[in-house]
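Structure first, commentary second.
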Amino acid sequence: MINDYRFRTDSSGEKTFSRLLKPALAALILSAAGSAVYWTLEQQPFDSGSQQQADHSPTQTEPQIYELALPERQALPASGSQHITPPESGPTTDNMAATPAVSTATTEKPAITGTPTTAENVDEPVEPETQAHSDHAPTIAADTTWIEEKVKRGDSLAKIFSRLGLSPSLLHRIVNSSEEAKQLARIKPGETLRVLTDDAGNLIKLVLQRNAIRSLHIQPGDEGFLTRLVERQLETRIAQSGGTITNSLYESAQRAGLSDDLIMELANIFGWDIDFALEIRAGDSFNLIYEEEYLDGELFDNGNILAAEFVNRGNVYRAIRFQDEQGNSSYFSPDGSSMRKAFLRAPVDFRRISSGFRTARWHPVLGKKRPHKGVDYAAATGTPIRASGDGRVIFRGKKGGYGRTVIIKHGNQYTTLYAHMSRFNGKVKNGSRVQQGQTIGYVGKSGLATGPHLHYEFRVNGIHRNPLTVKIPAAAPIDKRYKSDFKLQSEPLLARLDLLSRTQLATAE
57 MINDYRFRTD
67 SSGEKTFSRL
77 LKPALAALIL
87 SAAGSAVYWT
97 LEQQPFDSGS
107 QQQADHSPTQ
117 TEPQIYELAL
127 PERQALPASG
137 SQHITPPESG
147 PTTDNMAATP
157 AVSTATTEKP
167 AITGTPTTAE
177 NVDEPVEPET
187 QAHSDHAPTI
197 AADTTWIEEK
207 VKRGDSLAKI
217 FSRLGLSPSL
227 LHRIVNSSEE
237 AKQLARIKPG
247 ETLRVLTDDA
257 GNLIKLVLQR
267 NAIRSLHIQP
277 GDEGFLTRLV
287 ERQLETRIAQ
297 SGGTITNSLY
307 ESAQRAGLSD
317 DLIMELANIF
327 GWDIDFALEI
337 RAGDSFNLIY
347 EEEYLDGELF
357 DNGNILAAEF
367 VNRGNVYRAI
377 RFQDEQGNSS
387 YFSPDGSSMR
397 KAFLRAPVDF
407 RRISSGFRTA
417 RWHPVLGKKR
427 PHKGVDYAAA
437 TGTPIRASGD
447 GRVIFRGKKG
457 GYGRTVIIKH
467 GNQYTTLYAH
477 MSRFNGKVKN
487 GSRVQQGQTI
497 GYVGKSGLAT
507 GPHLHYEFRV
517 NGIHRNPLTV
527 KIPAAAPIDK
537 RYKSDFKLQS
547 EPLLARLDLL
557 SRTQLATAE
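Residue numbers (my numbering): 57 to 565.
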């Protein structure tokens with residue numbers, strides 16, 4: 057659905073495209089606008105009782121997962137279970153220190169990489185946690201040392217334990233002690249493994265630091281090993297921002313202090329009504345109210361966009377986020393209509409439209425005029441192609457000049473065609489049910505094509521329609537059961553958007 061919105065517009069409103077390098081999301085940089093049309097309001101407490109808490113999940117690059125490698129033992133399967141059950145077996149002595157029992161309601165700050173620290177110097181703040189049977193946890197003695205290892209590509213637990221000076225038999229017993237401990241078998245590059253040992257090298261505690269807020273803690277107990285999952289709590293604050301477009305949405309939103317994730321989400325929300333590659337003009341404006349997540353008083357990540365407004369060519373579009381009692385969330389217009397449409401306007405992230413919908417055009421391969429009953433989206437080979445709507449695959453295979461092609465039937469009226477693929481998604485077969493946005497294949501130039509692109513057709517009752525202009529039906533509106541709740545939640549957000557708009561106009565003047 058999201059087109060390449062990184063293009064420029066001149067003062068006359070004409071489009072010219074430019075390639076922009078997307079900055080890495082190593083940190084979230086909120087910068088103030090440098091001119092009268094770029095501005096960000098200070099964070100304000102949100103007084104609506106309907107404020108929602110985000111389920112935070114930090115953004116990460118998809119990591120490589122390594123299977124557990126044990127000497128002369130079979131690799132153990134990973135488990136995603138979050139329930140903690142103590143093992144039935146009794147304690148062992150290999151690499152374990154026998155110490156008195158204390159409560160384990162504290163967690164540790166990570167030690168400085170590569171620098172062993174004694175227990176007397178380790179600050180252990182109390183953190184919210186999920187804990188299992190900690191009545192008999194050992195005391196951390198004074199003559200102990202923390203050692204830290206960073207997980208690198210190609211690492212296995214066996215390698216890391218060897219570097220830490222811990223035995224393979226201890227590794228085997230820990231991983232087999234509970235379902236939660238099996239998570240150690242799914243270590244990922246970038247994670248940190250810390251162990252606390254006494255002077256004799258006996259294990260006191262092991263901590264797998266998943267990220268800044270999640271960690272897995274394992275330590276010997278009277279009945280095997282105690283495992284607990286620790287998750288630090290984030291503080292949610294409400295922020296607001298807005299700006300006016302002078303060159304591109306991306307650059308203008310960055311000047312307004314928005315992160316890449318927020319910019320993409322803003323485009324996602326309004327992408328069914330606005331073509332961000334073709335329809336953005338200088339003078340268009342945007343405002344949004346969104347969540348920010350703080351850890352120890354410092355900005356950690358962005359949460360959800362709660363409400364947003366986009367003015368495109370004088371047309372005002374507004375969206376409110378609403379989550380029902382089942383936890384399903386979506387965006388709706390102020391009257392309760394879904395912002396989501398039954399079909400994506402463009403099923404691929406494209407660089408440009410290389411050929412539009414025409415009754416006749418000169419075919420570059422055949423060398424003659426013939427109708428072009430679809431739209432060609434130029435994109436790099438391998439770019440994912442998404443199903444534009446929910447439906448059932450009625451054709452998947454090679455189809456003459458179309459090359460590798462997928463045809464999807466959406467109900468009784470609509471069919472869509474996707475041609476010239478380099479390859480298919482292996483999970484999508486003839487007869488498969490697909491959902492809107494699901495990857496069905498990848499851009500290529502199979503069949504009669506001079507370069508990599510997606511040829512996309514949209515048919516209504518078997519008749520070809522222009523995918524760029526056809527009226528797309530909306531998805532279902534908000535459920536009647538939630539209308540009163542939606543109204544109660546949306547009214548203060550809409551009032552706040554009104555204030556943002558008025559402030560923006562006054563600033564521009």
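No residue lacks a Cβ here, since even glycine has one placed at the ideal position from N, Cα and C.
Separation of residue j from residue i, as counted between CA atoms
i	j	result
D541	I301	34 Å
T506	D432	12 Å
A551	K543	12 Å
Y474	I528	18 Å
I216	D278	26 Å
Q239	I203	20 Å
F356	I463	43 Å
A567	V490	This structure leaves residue 567 out entirely; the chain is present only between 57 and 565.
L504	R396	34 Å
K244	L272	13 Å
F388	I330	15 Å
K483	R311	41 Å
D340	L524	20 Å
A83	V263	Low confidence applies to A83: its pLDDT is 35, below 50, so where it sits in the model is not reliable enough to give any reading.
F480	A434	18 Å
P533	N522	26 Å
L400	N324	10 Å
T117	A241	With a pLDDT of 41 at T117, under the threshold of 50, the modelled position of that residue is not reliable, and the figure given next carries that caveat. If you take the alpha carbons of T117 and A241, they lie about 19 Å apart.
Q560	L553	10 Å
S386	A214	45 Å
A309	N303	10 Å
G221	R229	16 Å
T283	V516	58 Å
E354	E321	23 Å
E70	R460	Only weak support is given to the placement of E70: the predicted model assigns it a pLDDT of 41, under 50, and the value that follows is read from those uncertain coordinates. Spanning the two alpha carbons is a distance of roughly 35 Å.
T437	I519	29 Å
I376	K539	13 Å
I269	L227	25 Å
P390	G370	18 Å
S410	G487	31 Å
S557	I361	17 Å
H476	Q545	46 Å
P548	I441	39 Å
A402	A530	15 Å
S225	R407	55 Å
T292	S223	43 Å
K454	G383	41 Å
CB of residue i within 8 Å of CB of residue j, strictly
i	j	result
Q275	F281	yes
N343	G298	yes
V404	L510	yes
F413	G392	no
D211	D380	no
K208	T248	no
L285	I336	no
N358	Y346	yes
A295	E348	yes
T563	F514	no
Span of the beta strand (DSSP E), counted from its first residue to its last, around residue i
i	result
M477	470-480
K454	447-454
E287	280-287
K215	Premise fails: K215 lies in the alpha helix (DSSP H), 213-220, not in any beta strand (DSSP E).
Y458	It is not in any beta strand (DSSP E) - Y458 carries neither H nor E in the DSSP assignment.
D254	248-254
R293	291-300
A434	431-434
P245	No beta strand (DSSP E) holds P245; DSSP gives it neither H nor E.
K261	259-265
R270	270-277
I441	440-442
For residue i, the first and last residue of its enclosing alpha helix (DSSP H)
i	result
P574	Shown here, the chain extends from 57 to 565; a query on residue 574 therefore has no answer.
D316	316-326
R311	305-311
Short CB-CB distance (under 8 Å) between residue i and chain C
i	result
K485	Looking for chain C here will not work: only one protein chain is present.
(request) Could you tell me whether the region 432-449 touches the region 463-480, where touching means 3 or more Cβ pairs closer than 8 Å? (result) yes
(message) Quick test of the definition: if touching needs 3 or more C-beta pairs under 8 Å, does the region 350-369 touch the region 483-500?
(response) no
(message) Ignoring anything shorter than 3 residues, give me the beta strand (DSSP E) runs that lie fully in the region 343-418, in order along the chain.
(response) 354-368, 371-379, 385-388, 408-411, 414-418
(message) Using a Cβ distance threshold of 8 Å, determine whether the region 252-260 contacts the region 309-318, with at least three qualifying pairs required.
(response) no
(message) As an exercise, report each continuous beta strand (DSSP E) stretch of at least 3 residues that is fully enclosed by the region 492-562, in chain order.
(response) 495-499, 509-516, 519-521
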